[in-house]
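Asker: To convert, take the position in the sequence shown, counting from 1, and add 3; that gives my numbering.
Built from N, CA and C at the ideal position, the CB exists for glycine as well.
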Amino acid sequence: MAKTYSYAARDAKDALKPFTFERRAPGADDVQIDILYCGVCHSDLHTVRNEWNNTLYPSVPGHEIVGRVTAVGANVSRFKVGDLAGVGCMVDSCQHCESCAEGEEQYCENGFTGTYNGPVFGGENTFGGYSDSIVVKEKFVLRISHDEAQLAAVAPLLCAGITTYSPLHHWKVGPGQRVGVVGLGGLGHMAVKIAHAMGAHVVLFTTSPNKREDGLRLGADEVVVSKNPDEMAKVANSLDFILNTVAAPHDLDAFLNLLKRDGTMTLVGAPDSPHPSPTVFNLIFKRRSLAGSLIGGIQETQDMLDFCARHGIVSEIEMIDIQGINESYERMLKGDVKYRFVIDMDSLKREIQAA
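The structure is reproduced here in structure tokens:
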């Protein structure tokens, strides 16, 4: 066992504070990673504050992890000490159900094990990346091929990147398609970058007129202010696919109306209360589909990282010290980040040394 330093919440109303726990010693199939950077996901905030009513405390969030390998088990073949490596939203799954066999571990019928907050269907707690190190089975460790200077901005790809890449890939987004992205936040800005790199014509929808310039800079071909009825009317019945990244309840009909016949809108934002139900006629009169998507499997996550490395895609980030994590949560609630906070874990190590 190894003493591990972290920041954790002890209950739904508690601020994140220093917390020490024991990680397992690396086994034969394990990779031990010194965490260099960890992205801050909206899921972290939902979990810490128990907004999904499933939090195991103490809660050590963080599932956008990049770092350097410090030890490997005897059976490990893909990593060696000194390699850069990443860990995303999962650290285990049953490995024998149909979904796992098809490389879709995120849909494991027996419940994947989250990097934090334990198995989906209940079980022992797990502690995430707001910590100085982590030990993970080799199968759930990702190779990082970006330049080391980009490492902090790579971290959010492990959740925000794969959450948007997976549905774009699954619904075969590519050249000749008109693709809508709803929301320009942590997920939305990655969706714009990735859909653009896939060759689609990207239409960004935002409630904020002041995000128009940023949307174009990030790769959108058009930016539509969704609160403007005239702008929305101009793109009605024109989109092949929409990726809706907004994590707050809103009117889905406004966007379903923008799809062509046989178009699909996929939801990846996870609000803490339901969306209003869409009108059935908006679906049946154009044979439109409303779908959802959850992160991606391990191989697909590796494919996403390699795709992003080839295309020079990283997240737009603001670096913070871990001592500022509670303030960053409040700023995130206000949308005051462009577009992802990333924790420099040196700040935790400095705190440990000073103690």
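If you follow the alpha helix (DSSP H) that Arg-153 is part of, which residue opens it and which one closes it?
Answerer: Position 150 of the sequence shown holds residue 153. Going by the sequence as given, residue 153 is Gln instead of Arg. That residue, Gln-153, is in no alpha helix (DSSP H); it is neither H nor E in DSSP.
Asker: Quick one: what does DSSP say Gly-89 is sitting in, helix, strand or coil?
Answerer: Numbered from 1 along the sequence shown, position 86 holds the residue referred to as residue 89. Three-state result, Gly-89: strand.
Asker: Is the beta carbon of Cys-97 less than 8 Å from the beta carbon of Cys-111?
Answerer: Against the sequence shown, residue 97 aligns to sequence position 94. Against the sequence shown, residue 111 aligns to sequence position 108. Going by C-beta atoms, Cys-97 is nearer than 8 Å to Cys-111.
Asker: Quick check on Gln-356: buried or exposed, where buried means 16 or more other Cβ atoms within 10 Å of its Cβ?
Answerer: Mapped onto the sequence shown, residue 356 falls at position 353. The residue is exposed, with fewer than 16 neighbouring Cβ atoms inside 10 Å.
Asker: Give, in chain order, every unbroken run of the beta strand (DSSP E) that is at least 3 residues long and sits entirely within the region 39-108.
Answerer: 68-75, 87-90 and 93-95, all fully within the region 39-108.
Asker: Phe-258: buried (16+ other C-beta within 10 angstroms of its C-beta) or exposed?
Answerer: Stepping through the sequence shown from its first residue, residue 258 is reached at position 255. Classification of Phe-258: buried, given that the 10 Å Cβ count is 16 or more.
Asker: DSSP three-state label for Ile-137, please.
Answerer: Along the sequence shown, read from residue 1 onward, the residue named residue 137 stands at position 134. Correct three-state label for Ile-137: strand.
Asker: Does Val-79 come within less than 8 Å of chain C when only Cβ atoms are used?
Answerer: The displayed structure is made up of one protein chain only, and chain C is not part of it.
Asker: Going residue by residue through the region 269-303, where are the continuous beta strand (DSSP E) segments of at least 3 residues, counting only ones entirely within it?
Answerer: DSSP runs (the beta strand (DSSP E)) wholly in the region 269-303: 292-295.
Asker: If Val-176 and Val-184 are in contact, beta carbons under 8 Å, what's the gap, nearest whole angstrom?
Answerer: The count along the sequence shown starts at 1 and reaches residue 176 at position 173. The count along the sequence shown starts at 1 and reaches residue 184 at position 181. That pair is no contact at about 11 Å.
Asker: Classify Phe-208: buried if its beta carbon has 16 or more other beta carbons within 10 angstroms, exposed otherwise.
Answerer: As a first step, residue 208 is located in the sequence shown; it is residue number 205 there, counting from the start. Phe-208 is buried by the Cβ-count criterion.
Asker: Classify Trp-359: buried if its beta carbon has 16 or more other beta carbons within 10 angstroms, exposed otherwise.
Answerer: Examination of residue 359 is not possible in this model, given that the chain is present from 4 through 358 alone.
Asker: Comparing C-alpha positions only, which one of Ala-156, His-204 and Ala-12 sits nearest to Pro-178?
Answerer: In the sequence shown, counting from the first residue as 1, residue 178 sits at position 175. Selected option, being the one with the closest Cα: His-204.
Asker: At 4 residues or longer, and completely inside the region 153-221: list those alpha helix (DSSP H) runs for me, N to C.
Answerer: Those alpha helix (DSSP H) runs which fall completely within the region 153-221 and span 4+ residues are 154-157, 163-173, 189-200 and 215-221.
Asker: Do Ala-200 and Thr-248 have their C-beta atoms within less than 8 Å of each other?
Answerer: Sequence index remark: in the sequence shown, residue 200 carries index 197 (1-based). Sequence index remark: in the sequence shown, residue 248 carries index 245 (1-based). Going by C-beta atoms, Ala-200 is not nearer than 8 Å to Thr-248.
Asker: Throw me the rounded Cβ distance for the Thr-267 and Phe-244 pair, which I believe falls under 8 Å.
Answerer: Along the sequence shown, read from residue 1 onward, the residue named residue 267 stands at position 264. Along the sequence shown, read from residue 1 onward, the residue named residue 244 stands at position 241. The Cβ separation is near 6 Å, so the contact holds.
Asker: In this structure, does DSSP put Pro-122 in helix, strand or coil?
Answerer: Residue mapping note: residue 122 aligns to position 119 of the sequence shown, counting from 1. Strand.
Asker: Does the distance from the CB of Val-1 to the CB of Val-34 come in under 8 Å?
Answerer: Within the shown structure, residues of the chain are numbered from 4 to 358, placing residue 1 beyond reach of any answer.
Asker: Taking the alpha helix (DSSP H) that Leu-336 belongs to, which residues open and close that run?
Answerer: The residue given as residue 336 occupies position 333 in the sequence shown. Counting along the chain, the alpha helix (DSSP H) containing Leu-336 begins and ends at 328-336.
Asker: Excluding the 5 residues flanking His-278 on each side, which residues of the same chain have their C-beta closer than 6 Å to its C-beta?
Answerer: Numbered from its first residue, the sequence shown carries residue 278 at position 275. Around His-278: Pro-252 and Leu-255.
Asker: Report yes if the C-beta distance between Ile-137 and Arg-26 is below 8 Å; otherwise report no.
Answerer: By 1-based counting over the sequence shown, the position of residue 137 is 134. By 1-based counting over the sequence shown, the position of residue 26 is 23. Yes, Cβ-Cβ distance for Ile-137 and Arg-26 is below 8 Å.
Asker: Just verifying my parser: in three-state terms, what is the DSSP assignment at Ala-257?
Answerer: Locating residue 257 in the sequence shown gives position 254, where the first residue counts as 1. Three-state result, Ala-257: helix.
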